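Asker: What follows is a single structure, and I will ask about it in a moment.
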Amino acid sequence: MRRTIYLQMLYIINMYRSWIVVDDGYGYRQSVVFRGGRPVSCVCRMLRLRSTYKHNGYERGTKWSISEYELDKALARYRQKNHELKARLKKGASYLEAKDVEAIIEIATYGLVKLELTELPLFKQY
């Protein structure tokens, strides 16, 4: 995954957050990925999300770690389904929208985490 797309995802989650915030987006951890049906250990960047209050059966403070490998696979699958996103990302990472980030996170977590981002940003930067 390109660094600019990853950073734009972090920015969108922080700006449009509702019940989940980015706990850590710059850490690296060891994770297990499956290639050809075999588990392989690798070190990759991890996106850590944290719930700010009790919601959808998740307690306050619940944390999820999503590897960049899973995010990259989810982005590729979402790009195949949504050709509009494919065209927008060719223009640049800044064309990524909140609905795209929600879908990518949901695909990467196999439907466990639904961000439910707000329509308006929480902060306005000038």
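Be aware that the sequence shown starts at 1, since it is given in the UniProt record's numbering, and climbs by one per residue.
C-beta atoms are modelled at their ideal positions from N, C-alpha and C, and glycine is treated no differently.
Bear in mind the structure is a predicted one, so any value in this text is a computation, not a measurement.
Pairing CB atoms from the stretch 97-105 with CB atoms from the stretch 3-15, are three or more of them under 8 Å?
Answerer: Flag = yes, the stretch 97-105 and the stretch 3-15 touch.
Asker: Classify residue 43 as buried or exposed, calling it buried when 16 or more other Cβ atoms lie within 10 Å of its own Cβ.
Answerer: Exposed, since its Cβ has fewer than 16 Cβ neighbours within 10 Å.
Asker: On the DSSP bridge list, what partners appear for residue 30?
Answerer: Paired residue(s): 43.
Asker: Going by the beta-carbon positions, is the gap between residue 109 and residue 70 smaller than 9 Å?
Answerer: Result yes, Cβ atoms of residue 109 and residue 70 sit closer than 9 Å.
Asker: Is it buried or exposed, residue 94, if we count other Cβ atoms within 10 angstroms and call 16 or more buried?
Answerer: Its Cβ having fewer than 16 others within 10 Å, residue 94 is exposed.
Asker: For residue 65, write down the residues that DSSP places opposite it in a beta bridge.
Answerer: Partner(s): 48.
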